[in-house]
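Chains as they are written, first to last, in the working numbering: chain V, 17 to 221; chain U, 17 to 221. Report on the following structure.
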DNA sequence: ATTATCTATAGATCTATAGATAATGC
DNA sequence: ATTATCTATAGATCTATAGATAATGC
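Structure representation (structure tokens):
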């Protein structure tokens, strides 16, 4: 009852999210989550019964928020190069605001087959329609000879790879002093531009 | 003394490597490693004292083997596009033979600052010279107007991102039935070609 | 003698639950 | 009465070590 502005269940969710993102599922213990939230460990289980439940609730919400902007952006009337640029920009900015999500997502992908099935369903649910449309669009562009023969899957993989890896590798770039506190913001912006240009070049004949 | 062909210390190393790659540092217990190797858990500690030691020894060796082909390939006499193709091909094939390394490497990068410092030093040690030469070459090509203005760092990031992410995302592609047992080999080969073409397109003016 | 291997166990977690007590809403 | 919170504890790991015993190399 210290913080009158929000209840303990909410606090637990917030602290758990932070710890799961920082340390991953296994290293974030319900004991530590409770400590961070300012309650006993038993209370965490009172509200969410199992650690697995708690995690899944957080991960589910996070994954939706993470993918939504990318999935929802409908730019079907744009020329293809601009559509591509818009897609990358939106996804890049979504990741920039959730810089720990790529690693969390990958960890879950590696963790178990069931978790992967869950993620697959979630991706299909959120991105399925957009993905189908995108694939069709790419096919149409290829058929009409506007771009070189690539598949929608290839381009999607390119986008995911370039954007997610960049943020996962940022800490290394900082260690190597390629990225510093001074140039950080500019570097990120330039990288976004580079990725957009790379992808646009990549589809050119 | 069951397996006469190799000693137990070696067996432990091999089983530990497999388990660390499969489950990650935290979920691979010395208990399980011992069980897999066919000895008691105490013996694992007899040979390597701590789990951390054991892991570091394996990771160190694995990281060297993983980066070496990429670092050592000297193609400085080739035209730049061919040099790029060669670099990607070599790194792609190295990852293809160590498909779990990208995730292990990322996990360690995320795990702690000390581990990151260690990785930074290792990368510098193995790739430092090559990296410097590559950067100079890129600058020269840009200066002479052969390619569009990009940095060596950008291209390195592109290569690492596209190649490592592809193998980390493979399980998802399999879940989505984009990759199956039948097309797997061909798909991987085509992806390698696509990445090479993308990077070559990307440097064109 | 030395090295390899085992048994047994201490000590540190961690998750989950049972059961007691305090706070809150009627 | 119901809901929120705490104390205490069971039971499952896991790492690391001490101390005993078996195997090996002179």
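Don't be surprised by glycine CBs; every beta carbon is placed ideally from N, CA and C.
- Rounded to the nearest angstrom, the gap between the Cα atoms of residue 174 (chain U) and residue 167 (chain U) is 11 Å.
- The Cβ of residue 128 (chain V) sits no closer than 8 Å to any Cβ of chain U.
- Contact of residue 192 (chain U) with chain V is assigned, a C-beta pair being separated by under 8 Å.
- Between residue 174 (chain U) and chain V, the shortest Cβ-Cβ separation is below 8 Å.
- For a Cβ distance threshold of 9 Å, residue set 217, 220 of chain U lies close to residue 220 (chain V), ordered along the chain.
- The alpha-carbon of residue 45 (chain U) is positioned some 24 Å away from that of residue 49 (chain V).
- When the beta-carbon positions are compared, residue 107 (chain V) and residue 169 (chain V) stay at least 8 Å from each other.
- Going by beta carbons, residue 136 (chain U) and residue 191 (chain V) fall inside the 8 Å limit.
- Residue range 200 to 219 is occupied by the alpha helix (DSSP H) that includes residue 204 (chain U).
- When the beta-carbon positions are compared, residue 188 (chain V) and residue 142 (chain U) stay at least 8 Å from each other.
- When the Cα atoms are used, residue 92 (chain V) and residue 210 (chain V) turn out to be separated by approximately 23 Å.
- Fully enclosed alpha helix (DSSP H) runs of no fewer than 4 residues occupy 129 to 159 of the segment 127 to 187 of chain V, in order along the chain.
- Spatial neighbours of residue 102 (chain V) in its own chain (CB-CB distance under 6 Å, excluding positions within 5 residues in sequence) are listed in chain order as 91.
- Look at the segment 158 to 187 of chain U: the residues with a C-beta under 9 Å from a C-beta of chain V are 164, 166, 167, 169, 170, 173, 174, 176, 177, 178, 179, 180, 181, 182, 184, 185, 187.
- Under the Cβ distance rule, residue 47 (chain V) does not count among the residues neighbouring chain U, no pair being separated by less than 8 Å.
- Apart from the 5 residues on each side of it in sequence, residue 84 (chain U) sits with its Cβ closer than 7 Å to the Cβ of 142 in its chain, given in chain order.
- An exposed status is given to residue 156 (chain U), since fewer than 16 other beta-carbon atoms sit within 10 Å of its beta-carbon.
- Here DSSP, grouped into helix, strand and coil, assigns residue 116 (chain U) to coil.
- Under the DSSP assignment, residue 89 (chain V) falls outside any alpha helix (DSSP H); it carries neither an H nor an E label.
- Rounded to whole angstroms, the separation of the alpha carbons of residue 212 (chain V) and residue 104 (chain V) is 6 Å.
- The three-state reading of DSSP puts residue 46 (chain V) in helix, counting H, G and I together.
- Shown in chain order are the members of the segment 112 to 145 of chain V whose Cβ falls below 8 Å from a Cβ of chain U: 119, 122, 123, 125, 126, 132, 133, 135, 136, 139, 140.
- For residue 151 (chain V), there are no neighbours in chain U by C-beta distance under 9 Å, as the nearest C-beta there is about 11 Å away.
- Among the residues facing chain U, residue 100 (chain V) is not included, as its CB has no counterpart in that chain under 8 Å away.
- With 16 or more other CB atoms across the displayed protein chains lying within 10 angstroms of its CB, residue 214 (chain U) is buried.
- Contacts with chain U (Cβ-Cβ distance below 8 Å) from the segment 30 to 63 of chain V involve 40, 42, 43, listed in chain order.
- Looking at the backbone, the Cα of residue 148 (chain U) and that of residue 139 (chain U) are separated by about 12 Å.
- Using beta-carbon distances, residue 214 (chain U) counts as an interface residue toward chain V, with a partner under 8 Å.
- Within its own chain, the residues whose Cβ lies closer than 7 Å to the Cβ of residue 87 (chain U), once the five positions on either side in sequence are excluded, are 142, 143, 146, listed in chain order.
- If you check the CB distance, residue 96 (chain U) and residue 132 (chain U) do not come in under 8 Å.
- Residue 203 (chain U) and residue 118 (chain U) do not touch by the CB rule: their CB atoms are close to 17 Å apart, not below 8 Å.
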